[in-house]
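Take 1 as the starting number for the sequence shown in the UniProt record's numbering and just add one per residue.
Working notes, beginning with the structure itself.
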Amino acid sequence: SEWDHYIIITDVHNSKLVKRRLVKLVVNFLFYFRTDEEEPQGALLLEQCRVEREDSLAFSITFLDEAERKYLFECDSQEQCQEWIDSIIKASYEFMRKNLIFYRTEIHRLTGKDPLEQYGIEDETRFQVTSGLQLMPKDI
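If you want it as structure tokens, here you go:
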């Protein structure tokens with residue numbers, strides 16, 4: 001999905017206020033543009049990050065492997081702020097993977113069939129609950 005708005009971005013680590021920018025969410029990337037340019041000024045890969053509401057009109061993104069790397073986003077309304085938070089959380093690959101695993105498990109529980117089996121991908125590690133560590137029958 002793709003979503004965009006003009007919002008204010010601050011790189012908290014550098015205490016550098018980035019002026020109002022067009023920010024676009026495309027799949028799991030957050031691109032930001034100068035108002036008069038077609039090419040993005042930068043992009044954030046929305047993986048291994050935490051999204052938190054800072055106040056009624058602002059939220060932040062912090063990267064788990066670099067705690068000092070924090071970006072603050074100021075929105076025009078509380079509703080817009082919440083929409084951004086929800087959309088960013090749902091954009092990550094990890095969120096989508098967890099949903100796939102949840103629904104795969106539910107379908108298997110209800111039907112007794114693995115929905116991925118028909119595609120021959122049921123054993124791929126990316127679709128496993130334990131990130132590739134599978135229990136062997138003797139371990140159960």
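Glycine included, C-beta positions come from ideal geometry on N, C-alpha and C.
Out of curiosity, what's the CA-to-CA distance linking residue i and residue j?
i: residue 8; j: residue 40; result: 15 Å
i: residue 84; j: residue 58; result: 10 Å
i: residue 106; j: residue 49; result: 27 Å
i: residue 132; j: residue 54; result: Because the pLDDT at residue 132 is just 38, under 50, the model does not fix this residue reliably, and the value given afterwards should be weighed accordingly. Distance between the alpha carbons of residue 132 and residue 54 is about 36 Å.
i: residue 13; j: residue 31; result: 19 Å
i: residue 6; j: residue 108; result: 43 Å
i: residue 65; j: residue 25; result: 21 Å
In terms of residues, what are the limits of the alpha helix (DSSP H) holding residue i?
i: residue 121; result: Segment: none, residue 121 is in no alpha helix (DSSP H) and carries neither H nor E.
i: residue 81; result: 78-91
Which residues share a DSSP beta bridge with residue i?
i: residue 108; result: Paired residues: none, contrary to the question.
i: residue 63; result: 49 and 66
i: residue 7; result: 21
i: residue 114; result: Looking at the DSSP assignment, residue 114 forms no beta bridge with any residue, so it has no partner.
Would residue i and residue j qualify as a contact pair, given that the criterion is a beta-carbon distance under 7 Å?
i: residue 33; j: residue 43; result: no
i: residue 92; j: residue 46; result: yes
i: residue 72; j: residue 60; result: yes
i: residue 88; j: residue 27; result: no
i: residue 114; j: residue 122; result: yes
Check for me: the beta strand (DSSP E) holding residue i runs from which residue to which?
i: residue 30; result: 29-33
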